[in-house]
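This report concerns only the one structure given below.
Printed below as a string of structure tokens:
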């Protein structure tokens, strides 16, 4: 079964622009059976809003327009394949925690994660998650 490692998300934002740029890097590696019996996988990279901590609703949400990549991949050998995918999207799309941070009249901080998934065509999915990136707003104690 193929593996996904070292998933890393960064979000760059120019305050003069209404857009943000999400960059997701990760490493794929096919197993020996993937090489010997040429398995193909659907490869996808999706941004999600993380709502897992205190004061959150516990439901992670898919970011609208946050599909960074969707395609297929196969493995000719077991060497690592390093990927870097970039998506530019409106700031408003990554404002997943709307409202104000009580007791301060400031926007809530957003937590964004990238999920990279390999689904063997006619098989079971393999997934790995990136780090969480805190974006905008205020950090509460």
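Residue numbers (this note's numbering): 4 to 144. Cβ coordinates follow ideal geometry from the N, Cα and C atoms, glycine included. Predicted, not measured: the structure shown is a model, and the values here were computed from it.
Looking at residue i: is its Cβ nearer than 8 Å to the Cβ of residue j?
i: residue 30; j: residue 63; result: no
i: residue 70; j: residue 39; result: no
i: residue 5; j: residue 129; result: yes
i: residue 65; j: residue 115; result: no
i: residue 94; j: residue 23; result: yes
i: residue 121; j: residue 51; result: no
Is it buried or exposed, residue i, if we count other Cβ atoms within 10 angstroms and call 16 or more buried?
i: residue 46; result: buried
i: residue 68; result: exposed
i: residue 133; result: buried
i: residue 25; result: buried
Would you tell me roughly how many angstroms separate the C-alpha atoms of residue i and residue j, rounded to the nearest one?
i: residue 76; j: residue 33; result: 10 Å
i: residue 138; j: residue 86; result: 23 Å
i: residue 44; j: residue 88; result: 17 Å
i: residue 11; j: residue 72; result: 15 Å
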